Amino acid sequence: MPITHPNLRLTRLDGAIPAWLGEIKPGDLLPICQNVSGGGGRLLALWGSDAREQGRGCDTLPAEPADCGSSRIAPPPAPEGCAPPCRGRGFALHVALVNEAGLICLSMALDAVQPVYPDISRIFPAASRMQRAAYDMLGIYAQENHDHRKWVRHAAWHGGSFPLRKDFETSPHLNPLPQAGEEATVPSLLEGGKQSEGALLTDAQSRDPLSNSLGETTSHSTRLQETAAKSLVIPQAGERTNEKGNLESLEPDAYPFVQVEGQGVHEIPVGPVHAGTIEPGHFRFSVVGEKVLRLEERFGYTHKGIEKRFESLTLQQGAKLAGRVSGDSTVAYAWAYAMAAESIAAVTPPDRALWLRALFLERERIANHLGDLGYLGNDVALSFGFAQFWILKEQLMRNNAVLFGHRYLMDQIIPGGVAVDLAESDMQTLRDECAMLEREARLLRGIYEEHAGVQDRFIGAGRVEPKLAAQLGLCGLAGRASAQAWDARVQFPCAPYDKLDVQMATYRNGDVAARVIVRFDELFESLRLQREILANLIHGDDLARPIEKLPGNGFGIGMVEGWRGEVLVAIHTDAQGNLTRVHPHDPSWQNWPVLEHAVLGNIVPDFPLINKSFNLSYSGQDL
Amino acid sequence: MENTNLTLGILLQLCQLLLVVLMAPLLMGWVNQCRAWLQNRSGPGLLQPYCTLRKLFHKDAVLAHDASPLFRMTPYIVFGCMWLAAAIIPIIAVDLPFSPAADVIALVGIFALARVFIALAAMDIGTAFGTLGARREMLVSFLAEPALLMVFFTSSLISHSTQLPHIVETFAHHEFVLYPSLAFASVAFVMILLAENARIPVDNPSTHLELTMIHEAMILEYSARHLALVEWASSLKLLAYISIGIALFLPQGIAGVGNWNALPLAVAALLLKLVAAGAGLALLEALIAKMRIFRVPEFLGTAFLLAVLGLLIHFLLGA
Numbered sequence: 054m055p056i057t058h059p060n061l062r063l064t065r066l067d068g069a070i071p072a073w074l075g076e077i078k079p080g081d082l083l084p085i086c087q088n089v090s091g092g093g094g095r096l097l098a099l100w101g102s103d104a105r106e107q108g109r110g111c112d113t114l115p116a117e118p119a120d121c122g123s124s125r126i127a128p129p130p131a132p133e134g135c136a137p138p139c140r141g142r143g144f145a146l147h148v149a150l151v152n153e154a155g156l157i158c159l160s161m162a163l164d165a166v167q168p169v170y171p172d173i174s175r176i177f178p179a180a181s182r183m184q185r186a187a188y189d190m191l192g193i194y195a196q197e198n199h200d201h202r203k204w205v206r207h208a209a210w211h212g213g214s215f216p217l218r219k220d221f222e223t224s225p226h227l228n229p230l231p232q233a234g235e236e237a238t239v240p241s242l243l244e245g246g247k248q249s250e251g252a253l254l255t256d257a258q259s260r261d262p263l264s265n266s267l268g269e270t271t272s273h274s275t276r277l278q279e280t281a282a283k284s285l286v287i288p289q290a291g292e293r294t295n296e297k298g299n300l301e302s303l304e305p306d307a308y309p310f311v312q313v314e315g316q317g318v319h320e321i322p323v324g325p326v327h328a329g330t331i332e333p334g335h336f337r338f339s340v341v342g343e344k345v346l347r348l349e350e351r352f353g354y355t356h357k358g359i360e361k362r363f364e365s366l367t368l369q370q371g372a373k374l375a376g377r378v379s380g381d382s383t384v385a386y387a388w389a390y391a392m393a394a395e396s397i398a399a400v401t402p403p404d405r406a407l408w409l410r411a412l413f414l415e416r417e418r419i420a421n422h423l424g425d426l427g428y429l430g431n432d433v434a435l436s437f438g439f440a441q442f443w444i445l446k447e448q449l450m451r452n453n454a455v456l457f458g459h460r461y462l463m464d465q466i467i468p469g470g471v472a473v474d475l476a477e478s479d480m481q482t483l484r485d486e487c488a489m490l491e492r493e494a495r496l497l498r499g500i501y502e503e504h505a506g507v508q509d510r511f512i513g514a515g516r517v518e519p520k521l522a523a524q525l526g527l528c529g530l531a532g533r534a535s536a537q538a539w540d541a542r543v544q545f546p547c548a549p550y551d552k553l554d555v556q557m558a559t560y561r562n563g564d565v566a567a568r569v570i571v572r573f574d575e576l577f578e579s580l581r582l583q584r585e586i587l588a589n590l591i592h593g594d595d596l597a598r599p600i601e602k603l604p605g606n607g608f609g610i611g612m613v614e615g616w617r618g619e620v621l622v623a624i625h626t627d628a629q630g631n632l633t634r635v636h637p638h639d640p641s642w643q644n645w646p647v648l649e650h651a652v653l654g655n656i657v658p659d660f661p662l663i664n665k666s667f668n669l670s671y672s673g674q675d676l
Numbered sequence: 042m043e044n045t046n047l048t049l050g051i052l053l054q055l056c057q058l059l060l061v062v063l064m065a066p067l068l069m070g071w072v073n074q075c076r077a078w079l080q081n082r083s084g085p086g087l088l089q090p091y092c093t094l095r096k097l098f099h100k101d102a103v104l105a106h107d108a109s110p111l112f113r114m115t116p117y118i119v120f121g122c123m124w125l126a127a128a129i130i131p132i133i134a135v136d137l138p139f140s141p142a143a144d145v146i147a148l149v150g151i152f153a154l155a156r157v158f159i160a161l162a163a164m165d166i167g168t169a170f171g172t173l174g175a176r177r178e179m180l181v182s183f184l185a186e187p188a189l190l191m192v193f194f195t196s197s198l199i200s201h202s203t204q205l206p207h208i209v210e211t212f213a214h215h216e217f218v219l220y221p222s223l224a225f226a227s228v229a230f231v232m233i234l235l236a237e238n239a240r241i242p243v244d245n246p247s248t249h250l251e252l253t254m255i256h257e258a259m260i261l262e263y264s265a266r267h268l269a270l271v272e273w274a275s276s277l278k279l280l281a282y283i284s285i286g287i288a289l290f291l292p293q294g295i296a297g298v299g300n301w302n303a304l305p306l307a308v309a310a311l312l313l314k315l316v317a318a319g320a321g322l323a324l325l326e327a328l329i330a331k332m333r334i335f336r337v338p339e340f341l342g343t344a345f346l347l348a349v350l351g352l353l354i355h356f357l358l359g360a
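Which chain is which? The protein sequence lines are A and B, in order.
So the first sequence is numbered by our numbering: it starts at 54 and just counts up by one.
So the second sequence is numbered by our numbering: it starts at 42 and just counts up by one.
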C-alpha cells in the first residue's frame, strides 16, 4: 500500500506500473493529499468526469447564473424525473498522485447540482491550473480557489456550457457571440461554493464586498475583469454592448493579469503570435528596465477539444489521437494510452512488442534531446551548434522513416502491442547510427562545454532551486536538473525497463546549464539503452495481442517517462466498454508554472533561452 | 584637361553611388552564404537579398493606425543617410568630387541621424517591442559612438586631418609604415562594427526570438517597401562600415589623385577586400555566441579602451 488513511481503501490496478485506485469522500481529499505531500509525493494529474445518468433531464446547469442567484437559500428544485440516482451519481473528480511506492488514483463523487470539491492547490500548487481547466471543461469547481479566470475556454464557447458534460451539444455552443450575463458564471460559481460551505465563503465575501451596481455578486475576479475591460476596450466586429451595458459580457475574452506597480515598472505582452513559427502562448512580463519582476503565462490557444473527441472514438482510433496530443511525445502518449487500455483489459503485450516500445521511446528521447540541444545553441546565436545537432536529429528521423515508416514514430504503438517490426537486417543500421550519434554528440558536448560565450549564457540563467522545485512539483527532465529525482523508468520500471537498469541523470544547480547537462547525460544513457535493447531484443513474430474492445465500467491508467517527463493517460469506459472519458496529461502542466518562477530576476532577453531549456508543450496541455 | 578630369570625376562619383547601392545586398548575401557554409548548410545563395527586396517592394505596406508621418518617413531618411555614407567614403579613388564631404566626424553624425530617426520611429507606434528595441539600441550606440570617434581620432592624428580622403592618401600612397596605434584602433573598430551593425555577439540578425532582438525589434512593425528600405539601409550600413575599415586600415590599392589608369586595379582590389571582410565577419560570427545584453557595455567599453590606448600610443611613440 502506498499510503494509509483510515477512510481510504485502495485496490491495486492491473497493469505494468504499480497503481492503486481508491474511492474517497470530499472531506478526505485534503488530508490524503497532505499525507502524500508530507511523504514526498507529488500531484500527477487532476481531471473530472461526468457520471450523471443521461436522458433524465437532470442537466439543469448548476452554474447557470440565474439559477444560482435565485437559489442561495433553497436548493434548486430537482427537475422532473430526476430521481436520486442523478444526485448520487453526479460528476466525479479524479486525482492522480505519485509517491515512491507508486501511483495513487483517487476518485471522488461530486454532486450533480453543486459539483464542488476542496481546493488542493495550497498543497500542490500545480493543481491550480488543472482545477481551472476542470471548471472550463466540466463545470466542476474547487471551492475557496480565488483564481476563477478561464484557463482553456477563452471566448470560444459560452460560459455555462461545458464541453465535457455528456449533455453538451456541439453545434449551438460554438458561436462565440457574447450574450448578456454570460460571464456571470464566474461569480455564480463562487455563489455555489458559498452555498455549500457558507462559513468559509463569508470570509471571501468580506474581502470582496458586494459593490456591483447591477446587483450581481462581485467576486474578486469580476472586479478584476471590470478593470481590465475598462482599461482595454478593443471593439470587435459583430460585438455590441448589450442593453445593460454589462462590462463583463462586453469583454468575453477579458483576462486580468496581475499587475505590478511601482516606478519604472512596465509590461511587455508577448504572443500568442510570435515572430517565429512556434506554438502560441501569451507571456505577460512585468519588468523594470530589463529585469523581470513577474511573468504570467496564458495558454489555451491550441485548445482543440481532444478530450471531447476521445469520447466518440473507438479504442483503436483513440490510440491514433493519443499519439497526436503532443507530436514530439507521440511514442510516450501512445504507450501510456496502450498501457491504460491493457490495464483495463488485463492484457500483457508480447515481450518483443515491449522491447520495441522501449526502443521507440528511447529514440524519441534521443531525437528530442538532440533537437533541444541544437535549439539551445541557436538561442545563444551559436548557429553552428544548432546546425550540427539538427543534422544528427535529421539522420535519426530519416532512419525512423526508413525502418519504421514514420519520422516521429506515430501510430507504431497500438493497444496490445506494436504495429511494426524491426527486421534483423536493419539492426546494423541502428547500431551504426548509435555509434555515429555517440561520437558526434561527444564532440559537440566538448565544444559546448569549452565555449566561454555559451557557458556564460547557460550558467546561472533561469535557476530553480531544488527546494522551490520540490514545492512546486517540478517534474521530468527539468525536475531532475533541480535535484528532483523522479524517473518512472527507474522507480516504476515496467517491462522491459526492469531488465535495463536505467541510470537516472540528476543535477543540483537547476539552471539552464544544468538542464543542458541532464540532456546530454540522458542522451548518452538513451544511446546506451538503445544498444542494450538491440542486443537483448527477444525474437518472435508475435507483435501484438490486439484488444478489440475494453470491458465495461473500467478504469485504467498508464504512465510513461517521456522525454519531457512523465506522460499519463487515464481511460474510463462506460457500461458497454466504450471510451467515456480519456484524460491525457502532459508534464508541462506541472512545469509551466515553474517557468514563471525560473525567470524572476533574470533579464528579458534571457527568457527565450530559459524557456527553451524547459521546452514545454503547449499542445499537450491545451488539449 | 581640367574639364575632362572633372567630368570623369563626377562620372566616377556617380558610379560609386550606383555601385554601393547595388552591391550592398550582394555583400549581405555573401556574408549570409559564408555563415551558411560555416554551419554545414548549403545556404540561400548570393542573390537572396535581392529576391527579398523584390518581394518586399511588391507587397502592400501595412501601417499601424497610430503611426505618425515620422514612422513613414524614417525608412527613406535612414536609407538616404546610409546611402550617402557609403557613397562618400573613398574606396575606389581618393579625389572624387564628393570627397571633401567625407569628414569622419560628419560620418559619425550621419550614422547618428539615422539612428535617432529609427529609434523614434520604433517608439512612435507605441508597441512594447519597438520601445524595447529602441532602448537597447540607444544603450549600444551611446557606448559605440565615442569609441568610433576615438578610432577616427587615432588615424586623424597620424594624418593630421579628419578628412577621409586625406587619411586614405596618407596611408595608401606614402611609404608603408606600421603604426602600432592603428593596430589597437583596428581591433576596436571591428568590435564597434559588430555592435553597430547588429551582428553577433551583440545582436543576432537572424533571430526570430523577439525578446532578444535589438535592431529587429525596432523594425518589427515595418512591412513591404518600408521594410525593404530599412533592410537595404542595413546592408548599406554594413558596406559603409566595412568601407571605413578598408579606408582606415587597408587602403592600399586605391587609385591616387588623377591616376585614372589605376582604376580597374582599384576596383579589383576593393572587391577582393570586401570578399575577405565578408568572409572574416561570417567566421567571427560562427565562432562566438551572443552575449548577455548587460555584457555589451563591457564589450564596448573594451573597444573604447582599445581606441584610447591607440591614441595614447600615438602620443607616446609618435606612431
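Ideal Cβ positions, reconstructed from N, Cα and C, are used throughout, including at glycine.
Values in this document were obtained by computation on a predicted structure and should not be read as measured data.
Member of the options whose CA lies at the smallest distance from the CA of residue i
i	options	result
residue 598 (chain A)	A:666, A:605, A:402 and A:609	A:402
residue 75 (chain A)	A:69, A:87 and A:58	A:58
residue 83 (chain B)	B:207, B:71, B:54 and B:303	B:71
residue 746 (chain A)	B:334, B:261 and B:154	Lying before the first or after the last residue shown, residue 746 (chain A) is absent from chain A, which here runs from 54 to 676.
residue 182 (chain A)	A:196, A:191 and A:200	A:200
residue 144 (chain A)	A:309, A:161 and A:416	A:161
residue 332 (chain B)	A:504, A:406, A:194 and A:467	A:504
residue 163 (chain A)	A:80, A:94 and A:222	A:80
residue 400 (chain A)	A:460, A:609 and A:418	A:609
residue 668 (chain A)	A:421, A:558 and A:524	A:421
For residue j and residue i, the rounded distance between their alpha carbons
i	j	result
residue 73 (chain A)	residue 157 (chain A)	5 Å
residue 347 (chain A)	residue 247 (chain B)	28 Å
residue 102 (chain B)	residue 587 (chain A)	58 Å
residue 277 (chain A)	residue 365 (chain A)	Residue confidence for residue 277 (chain A) is low, a pLDDT of 39 falling below 50, so the modelled location carries little weight; the figure read from the coordinates is stated next. Near 38 Å, if we compare the C-alpha coordinates of residue 365 (chain A) and residue 277 (chain A).
residue 65 (chain A)	residue 155 (chain A)	10 Å
residue 48 (chain B)	residue 301 (chain B)	12 Å
Residue-chain proximity (residue i, chain A), Cβ-Cβ < 9 Å
i	result
residue 106 (chain B)	no
residue 163 (chain B)	no
residue 304 (chain B)	no
Expected contact under 8 Å - CB spacing of residue i and residue j to nearest Å
i	j	result
residue 445 (chain A)	residue 423 (chain A)	5 Å
residue 195 (chain B)	residue 352 (chain B)	5 Å
residue 354 (chain A)	residue 322 (chain A)	The Cβ separation is near 14 Å, so there is no contact.
residue 216 (chain A)	residue 361 (chain A)	5 Å
residue 198 (chain B)	residue 149 (chain B)	That belief does not hold up - the Cβ atoms of residue 198 (chain B) and residue 149 (chain B) are roughly 16 Å apart, past 8 Å.
residue 229 (chain B)	residue 344 (chain B)	4 Å
CB contact check: residue i to chain B, cutoff 9 Å
i	result
residue 64 (chain A)	no
residue 436 (chain A)	yes
residue 323 (chain A)	yes
residue 668 (chain A)	no
residue 510 (chain A)	yes
residue 363 (chain A)	no
residue 625 (chain A)	no
residue 72 (chain A)	no
Near the ligand GDP: residue i beta-carbon under 8 Å from a heavy atom
i	result
residue 640 (chain A)	You won't find the ligand GDP in this model; it holds no ligand whatsoever.
At least 3 beta-carbon pairs within less than 8 Å: the region 667-675 of chain A vs the region 634-652 of chain A: yes
Three or more C-beta pairs below 8 Å linking the region 579-588 of chain A and the region 514-534 of chain A: no
Contact between the region 82-98 of chain A and the region 143-158 of chain A (3+ Cβ pairs under 8 Å): yes
Three-pair Cβ contact test at 8 Å for the region 207-218 of chain B versus the region 249-269 of chain B: no
Any 3 or more C-beta pairs closer than 8 Å across the region 492-499 of chain A and the region 545-555 of chain A: Segment contact: the region 492-499 of chain A against the region 545-555 of chain A, fewer than three CB-CB distances shorter than 8 Å; contact not assigned.
Segment contact flag, the region 657-664 of chain A with the region 51-66 of chain B, C-beta cutoff 8 Å, min 3 pairs: In short, these stretches do not touch, since the Cβ pair count stays below three.
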